[in-house]
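Okay, structure first, notes after.
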Amino acid sequence: MRRVVVPFRIRLDRLHEVLQEAFGWTNSHLYEFRIRDIGFGVPDGGFDGPIDARKETLLAAIEDIGAKSFKYLYDFGDGWTHTVKIEKVLPATAGFDDPFLLDVVGRCPPEDVGGPWGYEEFREAIADTNHERHHELVEWWGDAHYDPGDVDAANLRKNVEALAAKWKRRSRKKS
264 MRRVVVPFRI RLDRLHEVLQ EAFGWTNSHL YEFRIRDIGF GVPDGGFDGP IDARKETLLA
324 AIEDIGAKSF KYLYDFGDGW THTVKIEKVL PATAGFDDPF LLDVVGRCPP EDVGGPWGYE
384 EFREAIADTN HERHHELVEW WGDAHYDPGD VDAANLRKNV EALAAKWKRR SRKKS
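Mapping of the sequence shown onto this note's numbering: residues 264 to 438, in sequence order.
Below you can see the structure in the form of structure tokens.
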């Protein structure tokens, strides 16, 4: 579970980046926000894919559709689906433009572990030296230990906060 504070005018592609850093993932796969029946993500020129997330803000998407929660899908092959809930809308405050990771519970599953089912097998295999895939998954993971409760919240917060600095540098270059 992650709780983040973001400005409501954040573009959806940047919200994706915030979520990637908050979970500790590597942004290696496609994603999509499903707000009611509308998808926002990386457009696919050849198909009727999602609306370009770079062109939509969280505020516009929520106001237009009226949703208080929506789905965040990541890595379509692994099939990670998260529910994003709008807990509170704070008044706009001058100077509040930066995302912040408020709360962290648990470690995120390893990238490319195989989705929820693969993650469950991974956890069982790592913990059980007699599991038929123990040695294979220890080699893949690089360690014989995995604790789903062991999370470096300070590092995740630092990575989320670094996004704001990156975005500010980009906007100064455009000016």
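Backbone N, C-alpha and C define an ideal beta-carbon position, used for all residues, glycine too. A quick note: this is a predicted structure, and the numbers were derived from the prediction, not measured.
Counting the other Cβ atoms within 10 Å of the Cβ of Leu322 gives fewer than 16, which makes it exposed. Look at the segment 347-431 and you find these whole runs of beta strand (DSSP E), each 3 residues long or longer: 363-367. For Leu322, the enclosing alpha helix (DSSP H) starts and ends at 321-328. At a Cβ-Cβ threshold of 7 Å, Lys334 and Thr344 count as neighbours. The beta carbon of Trp404 lies closer than 8 Å to those of Pro373, Phe385, Ile389 in the same chain, with the five residues before and after it left out. Taken through DSSP and simplified to helix, strand or coil, Leu293 comes out as coil. In this model, Asp391 and Asp410 are separated by some 13 Å (Cα to Cα). Fewer than three beta-carbon pairs drawn from the segment 394-402 and the segment 282-300 are found closer than 8 Å, and the two stretches are therefore not classed as touching.
Per the coordinates, the alpha-carbon of Asp300 lies some 45 Å from the alpha-carbon of Asn393.
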